[in-house]
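Participant: Quick note: the sequence shown uses the numbering used here, first residue 99, plus one each step.
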Amino acid sequence: MSGVDFVVNCYERTYRGLLQPERLEGLIGQHRFRFTSRTVLINNVDDRKDAQRVAKGAIEAGLIDRAFFVGDNLASALAATGLKPRHLRRLPHFTDCCLVAVTIAGPEMLVYWDADAMLEEPRDWISPCLALMAERTDIAVANPESWHGLAEREALSIEGRFAIGYGFSDVAFLARRSELARPIYRYLAPASWRHPLAHVEAMFEQRVDSYMRRTGRLRATWLDAIYLHEGDAGINYPDIGLRERARRKAFRKLFALAQLSSHPALRAFP
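1. With a 10 Å radius around its C-beta and 16 neighbouring C-beta atoms as the bar for buried, classify threonine 235 as buried or exposed.
2. Indicate whether tyrosine 325 and serine 225 have their beta-carbon atoms separated by less than 8 angstroms.
3. What's the call for glutamate 218, buried or exposed, on a 16-neighbour Cβ count within 10 Å?
4. What's the gap between the Cα of arginine 251 and the Cα of phenylalanine 260?
5. Which of the three DSSP states is assigned to glutamate 303 in this structure?
6. Span of the beta strand (DSSP E) holding glycine 258?
7. Quick test of your reading: valine 102 and alanine 199, contact by CB under 8 angstroms. State the CB separation rounded to the nearest angstrom.
8. From which residue to which residue does the alpha helix (DSSP H) around asparagine 171 run?
9. Please list the segments of the beta strand (DSSP E) lying wholly inside the stretch 184 to 247, counting only runs of 3 or more residues, in order along the chain.
10. Under 8 angstroms Cβ to Cβ from asparagine 171, same chain only, skipping five residues before and after it: list those, please.
11. In whole angstroms, give me the CA-to-CA distance for asparagine 141 and alanine 232.
12. DSSP state of arginine 130, grouped into three classes?
13. Short of 8 angstroms in beta carbon distance, which residues of its chain neighbour arginine 130, apart from the five on each side in sequence? Order them along the chain.
14. Between the C-alpha atoms of valine 298 and proline 288, what's the straight-line distance to the nearest angstrom?
15. Would you give the residue range spanned by the alpha helix (DSSP H) that isoleucine 157 belongs to?
16. Which residues in the same chain as arginine 365 place their Cβ atom closer than 7 angstroms to its Cβ, once the five residues preceding and following it in sequence are excluded?
17. Please classify serine 77 as buried or exposed, where buried requires at least 16 other C-beta atoms within 10 Å of its C-beta.
18. Just to check my reading of the structure: valine 138 and alanine 165 have Cβ atoms closer than 8 angstroms, yes? What is that Cβ distance to the nearest angstrom?
19. Run through DSSP, which three-state label would valine 296 get?
20. If the criterion is Cβ atoms closer than 8 angstroms, does the pair leucine 316 and glycine 258 meet it?
21. According to the neighbour-count rule (16 or more other Cβ atoms, all chains shown, within 10 Å of its Cβ), is serine 276 buried or exposed?
22. Taking all protein chains shown into account, do 16 or more other C-beta atoms lie within 10 angstroms of the C-beta of serine 308, making it buried, or fewer, making it exposed?
23. If you measure between the beta carbons of tyrosine 210 and phenylalanine 271, is that distance less than 8 angstroms?
24. Any idea if histidine 293 is buried or exposed, counting beta-carbon neighbours within 10 angstroms, 16 or more meaning buried?
25. Take glycine 127 and list the residues in its own chain whose beta-carbon comes closer than 8 angstroms to its own, dropping the five residues that flank it on each side.
Right, here's the structure in full:
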């Protein structure tokens, strides 16, 4: 199926607000792009029937095309990506929604977008990224910029209005399902230990980053669009024990040593 699927995840704290007309229209409309389908994932809710009712209302109103419960699709997502439930033991909901997003049936291209993310100014960042990815087979993912000037500082090269380099964020990305719906999630790259919860468990974001660095897959950041993340950073982070505190300390030391290397799997930034 051609086209682009827009996918957004929600859960107990966010589904009631996200599935309201004004919020959905703003979240989807800001991209100034005609999506083939608009998909909502529902994850970790207390009242399934209520979430189902609200999602059905959004579908009937023509705001979205479909809605899936993450839990109903997780087994098949794990099978497709070669992971086991034990790989999601400590931080399941930082990974399960993304695995389902990339493995459910739908258009080859998808935009995964965090419910708390908004573009600084509405604009079509997707069309130029699609054009670049069609030309450059080494580009695995694309996204808008997250902070003014950050992508340029971390880039391997600046090509037109794109910053090309390594790195991955699960807040916002454009990618091919055929690439991410495979067993690519068991790579090890010390550079990915910079992710804030690496000492607890490797999450989707870290796993994709490791895969890209180990296989030479690049990210393109379009510099003419910037997204802002409205959520509270770390609000869902778990409490950690002594063992994980020790791991965090060790990871920080090893990460610092890795920065002396020029290999992308070891060094996080140029």
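C-beta atoms are modelled at their ideal positions from N, C-alpha and C, and glycine is treated no differently.
Facilitator: So, from the listed chains and residues:
1. exposed
2. no
3. exposed
4. 12 angstroms
5. helix
6. Taken as a continuous stretch (DSSP letters only), glycine 258 belongs to no beta strand (DSSP E), as it is neither H nor E.
7. The Cβ separation is near 13 angstroms, so there is no contact.
8. 168 to 179
9. 207 to 212, 215 to 217, 237 to 243
10. Val198, Thr201, Ile202
11. 32 angstroms
12. coil
13. Pro220, Arg221, Asp222
14. 15 angstroms
15. 146 to 158
16. Ala289, Ala356, Gln357, Ser359
17. Outside the shown range of the chain, which is 99 to 368, sits residue 77, and nothing can be said about it.
18. 4 angstroms
19. According to the sequence as given, residue 296 is alanine; it is not valine. Coil, per DSSP.
20. no
21. exposed
22. buried
23. yes
24. buried
25. Pro220
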